[in-house]
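So the sequences go chain by chain: A and B.
End of the first sequence = 174 in this note's numbering, gap-free, step of one.
End of the second sequence = 81 in this note's numbering, gap-free, step of one.
Glycine residues also receive a C-beta, built at the ideal position from the N, C-alpha and C atoms.
Note that the coordinates shown come from a computational prediction; the quantities given were computed from them, not determined experimentally.
Structure record follows, encoded as C-alpha cells.
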Amino acid sequence: MTGNEGLLALIHVLNEVGTPYMVVGSYSSNFYGIPRSTKDADLVFQFDPRSLAEIAKRLPEGLSFDQQSTFEMVTSTRKDVILIEGSEFQIELFHLSEDAFDQTRFKQREKVMFGNDLNTWMPRMEDVIIQKLRWAKGGGRSKDFDDVVAILGVQENVNFDYVTQWCEKHGTLEILAKARAEAGIEQGNS
Amino acid sequence: METTEEQIRQQAAECHARKIQQAKRMSSDEKFFAGAELFDYACGITLSGIAHQHPLWSKSECREELRRRLGIRNLVS
Chain A
-15 MTGNEGLLAL
-5 IHVLNEVGTP
5 YMVVGSYSSN
15 FYGIPRSTKD
25 ADLVFQFDPR
35 SLAEIAKRLP
45 EGLSFDQQST
55 FEMVTSTRKD
65 VILIEGSEFQ
75 IELFHLSEDA
85 FDQTRFKQRE
95 KVMFGNDLNT
105 WMPRMEDVII
115 QKLRWAKGGG
125 RSKDFDDVVA
135 ILGVQENVNF
145 DYVTQWCEKH
155 GTLEILAKAR
165 AEAGIEQGNS
Chain B
5 METTEEQIRQ
15 QAAECHARKI
25 QQAKRMSSDE
35 KFFAGAELFD
45 YACGITLSGI
55 AHQHPLWSKS
65 ECREELRRRL
75 GIRNLVS
C-alpha cells in the first residue's frame, strides 16, 4: 500500500465514523503552496476514546496503529501514529488541543473535494501560514519557513491583518516579516 | 568564465519563479497527492542506491537500511 492509498483509506474511515478532523502539515502547505516530498501525513482530529476504538476497528488490512501514543513537544499535543504495511510512509493523528489557535483553525476548517467522491477537511490558507510560522519558531525547522515563503508566492489574497494578529500572540512577527521579504511582498500590503 | 554570486542569486530567483508558476498550473488533486508521490519516488531511488552499494544484501536488509536513514522505527514490513 502506498502512502496516499493509506491516507485515502483512513479518510474514508474518518468520514464513515463521523469524527471531526482536518488534514494539516505538509499536505496542507503543498495544497496551498509549492509541493515538496513528505514522509508523513498529519491530521488533527477531535479525540474521544469511543471514536478512536471505532477507527481502529474499521482500519483496512495494511493499516495499523502504532502501540505507543506519543507527545509532540512544540504544540504540546498527543498523537497516535498509523503504520502502513510495506511503506516507509506514516500517518500521524494529532489530538485537537485546548490551545486557542488550534481550536480556531479547527472551527474554521473547510471541506475540500478531491477526485470524484473524496470529501476531506483542510485548514484555511492563512491558518496554515500561522501554524507553519509557529513550527518554524518552536521547532527551528527551515522547511516550515520555506513552506510559508512558497504559500506567499503562490497565493495572491492573503489576509495579512488576520495572520499578523495571531503572529503577535505567538511571537512570530519577526519570522513573518522575514518570510514576506523573501517572497517579495512589501510589508505595507495587508 | 566563472559564475558570480549575483548570477547565482538571479538564477535561484528565476528557478523559484518557475516553481511558483508550475504550482499555480497544478490541479488541487495533483498538489494534494504530490508530497507522498515524491517521497515514494525518492525512496525507490535510495533503495536502488543501497542495493548497488551492497549487492549481497536481501531486499529486507536494504529496506532496513532505508528506514535507518529515514530515522524510522517500529515499522511493519
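Does DSSP classify V(-3)/A as helix, strand or coil?
helix
Residue ranges of each beta strand (DSSP E) within the segment 22 to 84 of chain A, 3 or longer
24 to 29, 47 to 49, 54 to 56, 61 to 68, 74 to 79
Relative to the C-alpha of A21/B, which residue among G17/A, G2/A, I(-5)/A is closest?
That would be G17/A, whose Cα lies nearest to the Cα of A21/B.
Should I39/A and V(-3)/A be called a contact, given that it needs their Cβ atoms to be closer than 8 Å?
yes
Taking the alpha-carbon positions, what's the A134/A to Q15/B distance?
17 Å
When you compare only the Cα positions, how much space is there between E76/A and M6/A?
12 Å
Could you name the residues of the same chain whose beta carbon sits closer than 8 Å to that of R108/A, not counting the 5 residues immediately before and after it, in chain order?
R89, Q92, R93, E94
Check each candidate in T104/A, T148/A, D145/A, A165/A and name the one with the smallest Cα separation from F36/B.
T104/A
Provide the residue span of the beta strand (DSSP E) that contains T104/A, from first to last.
102 to 106
Let me know if G124/A comes out buried or exposed under the rule of 16 or more other beta-carbons within 10 Å of its beta-carbon.
exposed
Does the Cβ-Cβ distance between Q171/A and A161/A come in under 8 Å?
It is a contact, given that the beta carbons lie within the stated cut-off.
Could you name the residues of chain A that T64/B contacts, counting a contact when the two beta carbons are closer than 9 Å?
The identity of residue 64/B in the sequence shown is Ser, whereas the question assumes Thr. Ordered by position in chain A, no residue passes the 9 Å Cβ test against S64/B, which lies about 11 Å from the chain.
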